Amino acid sequence: MNALLEIKDLKKYFKTSRGLLHAVDGINFAIERGNTLGVVGESGCGKSTLGRLIVHLLEPTGGKIFFEGRDYTNLSHQALLESRREMQMIFQDPFSSLNPRMTVKDTILEPMSIHGMFGGDQSEQTRHVGNIMDAVGLAGNLANSYPHELDGGRRQRIGIARALALEPKFIVCDEPVSALDVSIQAQILNLMQDIQSERGLTYIFITHDLSVVKHISNDICVMYLGNMVEKCPAKEIFKTNYHPYTRALLSAIPIAKTGVKRERILLKGEISSPIEPKPGCRFAPRCIDAKRDCFETQPDLVEISPRHIVACHLYSNVRAIKK
Ligand SMILES: Nc1ncnc2c1ncn2[C@@H]1O[C@H](COP(=O)(O)OP(=O)(O)OP(=O)(O)O)[C@@H](O)[C@H]1O
Ligand SMILES: [Mg+2]
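Per the working numbering, the sequence shown starts with residue 739, numbered consecutively.
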């Protein structure tokens, strides 16, 4: 397999006054070059923390990150700086992630100056800014505008342009369309797909909305309170899904065709605390199928069919996969 990125047993625990908060608790996956992995799950399940760990905005508590086969887990200051050229992140809120005092041009130029791109040649860098603005659909006459002068869609185009400035191979897209109007969402999603195929980019696309990643992901990973509960090819998840939490997520997506009814699964019960979590499956208190085992031991990931894995005691008769 030609994996560009592989993570093994990745963990991030935050110290809080009430104990250790297990934000990301042992995630494993690999992404092939040019592919998109959609990461879905409700608020607080650890999606952004996972993305930040991968691009080294946070240091992991445990586990490993491999990029192009090299160990990228604990980088020296210099190696960290170099990794920025290969891995970038696009943030959910284009307004708060942009410096209000910097023009469009300066925002895109900044990473190039820091990294001394084009041997520090400023006219080459400025030409590159023009090319990127063009690639993300920002008119050249906006170069000297400030973020507050632009609408949400254009602001997110600046966020994308800045992520592209260093010509990375891999981008974590953290809810890049959630803050935008529905009509603008489709434009930005299309733009991101075009850029991906033109530049052979690899994406992790984080969202709480499965319908957003449906068309753009090769695989989908479903997270629940720091754990990966199911992962499979995107095309498959809508037809064949196993984890009760995945089923509940899917039931919340409206069906466009009239006359088709889908029964909405309303989750009851208390959400477990991610602080010093109890043993057992973290979804058990909300799961309608939970049995005794589910409250006592954490389920292993099992491979139900090729490339389709799930962590749920309902399928514990299937052999666990090796980590
Ligand atoms: N710096 C931090 N210190 C302490 N706890 C944190 C920190 N950052 C995140 N957390 C906690 O880690 C958990 C995961 O947070 P994270 O932001 O990764 O979730 P998310 O899935 O991205 O949620 P959302 O959909 O709301 O963006 C949450 O319980 C959050 O409160
Ligand atoms: Mg988040």
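Glycine is no exception: its CB is placed at the ideal position from the N, C-alpha and C atoms. Quick caveat, the model's predicted, so the values are computed rather than measured.
Cross-strand partners of residue i (DSSP beta bridge)
i: D957; result: L775, P971
i: K746; result: K802
i: S1043; result: H1046
i: H760; result: Y751
i: T811; result: DSSP output for T811 lists no bridge partner at all.
i: D1031; result: Looking at the DSSP assignment, D1031 forms no beta bridge with any residue, so it has no partner.
i: N965; result: Y962
i: D859; result: Paired residues: none, contrary to the question.
i: H911; result: It is Cys, not His, that sits at residue 911 in the sequence shown. According to DSSP, C911 bridges with I828, F943.
i: T770; result: The sequence shown places Glu at residue 770, rather than the Thr named in the question. In DSSP, E770 forms a bridge with A741.
i: I1013; result: L759
i: I765; result: L748
Neighbour flag for residue i against chain D, beta carbons, 8 Å
i: V1048; result: Here chain D cannot be found, since the structure has a single protein chain.
Same chain only: Cβ atoms within 7 Å of residue i, ignoring 5 sequence neighbours per side
i: N837; result: T845
i: Y980; result: E968, I1042, V1048, C1050, Y1053
i: P1023; result: G1007, E1008, S1010
i: Y810; result: I803, F804, S821
i: I991; result: L948, S949
i: E806; result: L742
Cβ-based neighbour list, residue i, same chain, cut-off 6 Å, excluding 5 preceding and 5 following
i: A1049; result: V967, P1037, L1039
i: K907; result: E824
i: I944; result: V777, K785, G789, D912, E913
i: T799; result: K749, K750, Y751
i: V874; result: R895, I898, A899
i: N740; result: E770, R771
i: F1021; result: Y962, Y983
i: A768; result: A741, E744
Pick from the options that is closest to residue i, judged by C-alpha positions
i: H760; options: A917, K750, S1043; result: K750
i: G801; options: I792, L748, E820; result: L748
i: I852; options: L948, R822, R756, L963; result: R822
i: G782; options: H1046, N1055, G1018, S1011; result: S1011
i: P885; options: L796, V842, K1029; result: V842
i: F753; options: S1043, S1054, E1014, L1004; result: The displayed chain sequence assigns Lys, not Phe, to residue 753. With distances taken between Cα atoms, K753 lies closest to E1014.
i: N965; options: A741, D763, G938; result: D763
i: T984; options: L927, R893, H946; result: H946
i: T940; options: E887, S916, V910, I765; result: V910
i: Q934; options: G789, D872, D859, T774; result: T774
i: H794; options: A768, E806, Q826; result: Q826
i: L927; options: N812, V950, L847, G938; result: V950
i: R937; options: H1046, A986, A901, G854; result: A901
i: T1035; options: E848, K1016, H1046; result: K1016
Near ligand 1: residue i beta-carbon under 7 Å from a heavy atom
i: F829; result: no
i: H1046; result: no
i: A917; result: no
i: T984; result: no
i: T754; result: yes
i: S781; result: yes
i: L759; result: yes
i: P906; result: no
i: P798; result: no
i: H853; result: no
i: H946; result: yes
i: P1012; result: yes
Buried or exposed (CB count within 10 angstroms, at least 16 for buried), residue i
i: P982; result: buried
i: K785; result: buried
i: Q830; result: buried
i: H953; result: exposed
i: N869; result: exposed
i: A877; result: exposed
i: K969; result: buried
i: S955; result: buried
i: A1028; result: buried
i: R756; result: exposed
i: G1007; result: exposed
i: R892; result: buried
i: V867; result: buried
i: I975; result: buried
i: Q923; result: buried
i: G858; result: exposed
i: I745; result: buried
i: D872; result: exposed
i: G1018; result: buried
Ligand 2 heavy atom lying under 7 Å from the CB of residue i
i: E913; result: yes
i: S989; result: no
i: S786; result: yes
Cβ neighbours of residue i in the same chain (closer than 8 Å, five flanking residues each side left out)
i: G897; result: I828, F829, P832, S835, L836, P914
i: M961; result: I765, V777, V778, G779, C783, G784, K785, L788, V967
i: L796; result: K750, T787, R790
i: G890; result: P832, F833, A917, L918, D919, I922
i: V1056; result: V1040, E1041, I1042
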